[in-house]
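Note that UniProt numbering has the sequence shown beginning at 1, numbered continuously upward. C-beta: ideal position from N, C-alpha, C; glycine also. To keep things clear, I will list the structure first and then write my remarks on it.
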Amino acid sequence: MNRKKRNWMRAAGLGLSLTTAAAGLVPAAGLGTAAAATEEQAAVAAVSATTSETMSQQVYADAFAMTKIGEYRVGMASEDGGVAEIVKYNRDNGRFYVVNGSATPPSLDIVELKAGTMQLQRKLDVKQLAEAEAGFAFGDLTSVDINVAAKRVFVAVQAAGANDAGRVLELDYEGNLVKAYPAGKQPDMVKSTPDGRYVLTADEGEPRGGAGTPDPEGSVTIVDRSTGTSRQIGFGDASVIDDRVHIRGAVDGSGQIVGKGPKSKAATDLEPEYIALSKDGKTAYVSLQENNAVAELDIEAGRFTAVRGLGLKDLRLPANALDLDGKDKQYKPVTADAYGVYMPDGIASYEAGGRMYLVTANEGDATEWPGMTNASKVKSLKDKLAPGSAAAAFFGATKAYDDVEAMSDWGTDAIYLYGGRSFSIWDAAELKQVYDSGNAFEAITASRLPDYFNASNTNKKFDSRSTKKGPEPEDVRIGHVGERTLAFTGLERIGGVMAYDVTSPAEARFVSYVNTRDFSESGGENAMNTDSAPEGLEFIAAADSPTGQPLLLVAHEVSGTVALLQLETTRVELARQELALTAGEAAVQLEAKAVPGAGAPTVTALTYSSSRPDIASVDAAGKVKPLQAGSAVIRVVSADGYGVAELSVTVKAAAEPSVSPTPTPSATPTPTPTPGGGGGGVVPTSSPSVSPSPTPSPAAVQVSVSGGVASGVLEQAAGTDGFAEFGAAGLEQALERLSAAGAARRELELRAAAGSADAAGLRLTADAAARLAAAGLERVTLSAAGLASAEWSGEAFAAAVRAAGGGAWSLEAKGGSGAVSVTVIAAGKELRGADAAAVRLSLPYAPSTVEAKRPEAIVALDAAGRPIIRSSYRDGRLILAGSGSGSYRIAFEAAAYGDTAGKYMEAPAAFLTARGIVQGTAAGVFSPQRTLTRADLAVMLSRLAGADSGAGAAAGGSGFADVPRGAYYAPAVAWAAAEGIAGGTGGGRFEPLAPVTREQLAVMLSRFAGSAGWELPSVGASAFADAASISPFAREAVDVLAGAGIVSGRPGADGQARFAPQASATRGEAAAMLAMFVQASFL
């Protein structure tokens, strides 16, 4: 909430919420009927709704600590806030600039960044700077931005009149005024593009005069510094505004806003709050807090291309359960028949996987001006709810939630609350929610600060904010630490900062929470002497930090303090920063180590990579091999991804060897004829004979017999082109030897000896391929000198030869820089994707001591760094199913879940996590006893399939009435239904949040195997004591999976195994079955 609004309410003698009963509300159908569901309700994002357990029951462990190492005090405090609001760091001069709009006069403080007590360097009188322009009357200082490309500081200033244009002040680093530009009405935030050309302000345009007075237009000001001009971009184009954007309606006689308004009112009703930019700086994303929307602005064109509503948060879902009782003095989250309206304040942006994502702090904000408000309370609204609706039943049955603040202008079909008490991640292209933190902020603060849960920023009273927006997420910032991306969210009321790892947007996870507020007496009765009300955040990367560690500045607008936090993340230390080598010399071992931060788990493993592996390669142990002249950068990364160090390598060319000159042979004298002509003619000089290069002949096939299988290995040396060639004649001899062993089953490996240290290849002539296909072998293997081998069943190889239509086959493998490149060609065509479905690659690998203890965490990655799901380490080899030509790297992705240690699901959970199929419910937590939902299983199976299910969902949705388009699981459900893997439960419903029974799990796995073409082995049958209770539709699937060793029973009291078909499957059981299912399909 902005300072102007607080000051008006205090002057009017009002609290932060009006309780006037809404009048004239038109009854509507109840929430429980399909007809009553609004578009917003249909699009609620149930991202966290994957469990019947509330998030408050989870364990949130810090992955690293955030330690306060410095502090600056502006010298004043105010319960109205605005004392230390926005803070920005200037890496060019090592100073930060903090906005103090409540000072007299309002000032911009310039402070040197350092540990300990930080001192003011200069205080700028912004009022004086702004009023240097004749006729401009200063009103408020709201925001600051630093642009190192332009070497400028930009400040947003509001005019004294609410309907007068504000200003953008351009200053140099010392605070001298360079130029002033006109802005829109009430500029509340300033943001410059990375190149410094454009400067934007979010012009809020609030109706501060109240009902009956002019309502200024909201806009975004675009300053073009290249032309010295500015213009305001408004919201007059209704065609770009979608129907979910909230536009406030008319005011009744009591001053209450009682409905929604038309799009024709958007120009004055939409109120820009905060701005984030795309990576290229060409697009601005603008949060419209009161309108629950985000606008997309084409900066160069100067026009809004879209204004999209954010939809609603379904508070009926367990993962979204909130504490709404302000009088019970306990943390007691409830699933209420209500919706949260996100209404974000801060917004940030980042790129992941080539896509832009937005991060929002879902604060919520009531409209409260003289004679007009949409703030009410549940007790004033619940009698207006549609009779018979779920909301009427829930709220009508108790008075416990009567004081909860609610919105009066969203309709009578449900109760709508301000904010989400969370942060969210959205795909910027369509504003589709991919993650929401659910009720985690309340759960974490309740756990960490049990005596002060939901206290406000001006008191320490337990539950004082439970009825009104809870912890109130305010600002959000993105920071890049090593190879990880973090999102920081400030909690305006109880205080502190939440940190989440958002590297994978849909799989964001909590990593740390710190609250530097002093709740003891020394903190002051109204929290005036401590860090209270974080308003602005500023991330400082390790490269720009004076301590060498990532830092976070937190500006507290009530206490007037700026806290300097240090992220105690892992760092990587190198013994040297540069390396000079000569091409061709021996590899050099790097001296590197991972140093864990305070409070962080010990991390020792490192990974190495080279920017130019053709110049200087580096292996998994950190040995750098100089190959040719040039420069490269070796990058060293800690296993947790937070620590990164780089080393520059210069390789010079090897000296040319001195060559002795080739002596010129003396000429042989030409013999002269013997005088007299008698017989002695010219004696001819004979030419030397040249021996032809011999074609390598194959060694005799080596045959061994074991278990009724005759296994043969035919090895061939490489020719001059580096390939070993196998012809029909040599192959025929090998097949005869193999048949002579007398075994009923036969298999043959054709092995190429090394052509060089890191390359090998073999070629199979067309005749040899045809002969091999007709040999009736059980298995055919092509092997390239210990670098890679490709294997087929005999039937699959024969089918592949027939499909290729004749022609030579070849396999080539090249190693280097920790990767293996494999090329498999059949009759001139590379085998990739579906063409390689029958191929099983094998890559030799020697794990480290640590890796050998966790083989399930060893995984193959493709050229894009994606895990190959059907890859598994066995007996010194990593086996990859359905993989042909491509570049492969082997990684160790060991997830450590404290609640699976020593249990049957420990290895399966780690196996699936390493392959991106499942993830923990929090840092270091898997929650194996939690019930698995139908939605979760659909998501897991779609990941197993590598399904691009988003396209199908976008085209037509899931087809189920209870699967919202915005739900994270909607694409997976649509995919599962289209593939015939999962159907509905009747009546057009899928029941995504219902638990999966054990027999349903078996059926869906069996159907998946059929859809994916996975063959499961038959190793026996399991007899279950309760087999008769298995539903008919599931019996065949249970038999198949039991026969493959994938499912087993639960032990009964009588010692007999029971399948328990109707029992809900847990995450632990599902992990065990899925991991076994994947491996059984190809091992």
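Enumerate in chain order the residues of its own chain whose CB-to-CB distance from residue i is below 7 Å, with the five nearest sequence positions on each side excluded.
i, result
"Ala1044", "Leu1016, Pro1017, Ser1018, Val1019, Ala1080"
"Gly983", "Ala977"
"Gly255", "Thr20, Ala211, Gly371, Met372, Thr373"
Would you call residue i buried or exposed, if buried means 16 or more other Cβ atoms sit within 10 Å of its Cβ?
i, result
"Ala160", "exposed"
"Phe1033", "exposed"
"Ala935", "buried"
"Asp328", "exposed"
"Ala150", "buried"
"Arg751", "buried"
"Asp325", "buried"
"residue 1171", "Past the boundaries of the shown model lies residue 1171; the chain is included only from 1 to 1083, so the question cannot be answered."
"Thr373", "buried"
"Lys468", "buried"
"Val178", "exposed"
"Gly584", "exposed"
"Thr720", "exposed"
"Met55", "Caution is warranted here: a pLDDT of 38 is assigned to Met55, below 50, making its placement in the model unreliable, and no coordinate value can be reported."
"Thr602", "exposed"
Report back the beta-carbon spacing between residue i and residue j to the nearest angstrom; my notes put them in contact at under 8 Å.
i, j, result
"Glu290", "Glu271", "5 Å"
"Asn362", "Ser422", "5 Å"
"Lys263", "Glu217", "Not quite, the Cβ-Cβ distance comes to about 14 Å (not below 8 Å), so this is no contact."
"Val554", "Tyr72", "Their Cβ separation, rounded to whole angstroms, is 11 Å, which puts Val554 and Tyr72 out of contact at 8 Å."
"Val636", "Val572", "5 Å"
"Lys127", "Phe138", "4 Å"
"Val294", "Ile347", "7 Å"
Below 9 Å between beta carbons: does that hold for residue i and residue j?
i, j, result
"Ala837", "Gly1013", "yes"
"Tyr813", "Leu777", "Correcting the residue type first, residue 813 is Ala in the shown sequence and not Tyr. No. Outside cutoff."
"Ser609", "Ala616", "no"
"Ala443", "Leu449", "no"
"Gly340", "Gly261", "no"
"Leu1041", "Leu1005", "yes"
"Arg943", "Gly916", "yes"
"Ala250", "Val258", "yes"
"Asp298", "Tyr357", "no"
"Ala808", "Thr849", "no"
"Ala923", "Tyr97", "no"
"Gly495", "Ala533", "yes"
"Val824", "Ser810", "yes"
"Gly175", "Leu120", "no"
"Gln628", "Gly597", "no"
"Ala827", "Ala804", "yes"
"Ile69", "Leu565", "yes"
"Leu567", "Phe64", "yes"
Might you give, ordered along the chain, the residues of its own chain that have their beta carbon closer than 6 Å to the beta carbon of residue i, omitting 5 neighbours on each side?
i, result
"Glu749", "Val713, Thr781, Ser783"
"Pro675", "For Pro675, the pLDDT reaches just 40, beneath the cut-off of 50, and the residue's location in the model is therefore unreliable, leaving the point undetermined."
"Ala891", "Val859, Leu861"
"Ala392", "Leu385"
"Ala352", "Pro505"
"Val190", "Ser143, Asp145, Phe154, Ala156, Thr201"
"Phe1008", "Leu941, Ile981"
"Ala1070", "Leu932"
"Val223", "Val168, Tyr181, Val199, Ser230"
Who are the near neighbours of residue i in its chain, counting only those whose CB is closer than 8 Å to its CB and skipping five residues on each side?
i, result
"Ser226", "Arg197"
"Asp323", "Tyr331, Lys332, Pro333, Val334, Glu442, Ala446, Phe453, Asn454, Asp463, Ser466, Gly470"
At which residue ranges does the stretch 70 to 96 contain complete beta strand (DSSP E) runs of 3 or more residues, listed in the order of the chain? 87 to 90
Within the stretch 805 to 881, ranges of the beta strand (DSSP E) (whole runs, at least 3 residues): 809 to 816, 819 to 826, 840 to 844, 858 to 861, 871 to 874, 877 to 881
Where are the beta strand (DSSP E) runs, 3 residues long or more, that stay fully inside the stretch 569 to 636, in chain order? 571 to 574, 578 to 582, 592 to 595, 606 to 610, 616 to 618, 623 to 626
Could you name each continuous alpha helix (DSSP H) segment of 4 residues or more that falls completely within the stretch 370 to 436, going from the start of the chain to the end? 378 to 381, 390 to 396
Hey, which unbroken runs of the alpha helix (DSSP H) at 4 residues or more fall wholly within the stretch 729 to 814? 766 to 773, 794 to 804
Mind listing, in chain order, the continuous beta strand (DSSP E) runs of no fewer than 3 residues lying wholly within the stretch 104 to 183? You should have 107 to 112, 120 to 125, 138 to 147, 152 to 159, 165 to 171.
What are the complete beta strand (DSSP E) segments, minimum 3 residues, inside the stretch 330 to 377? 338 to 341, 347 to 352, 355 to 362, 375 to 377
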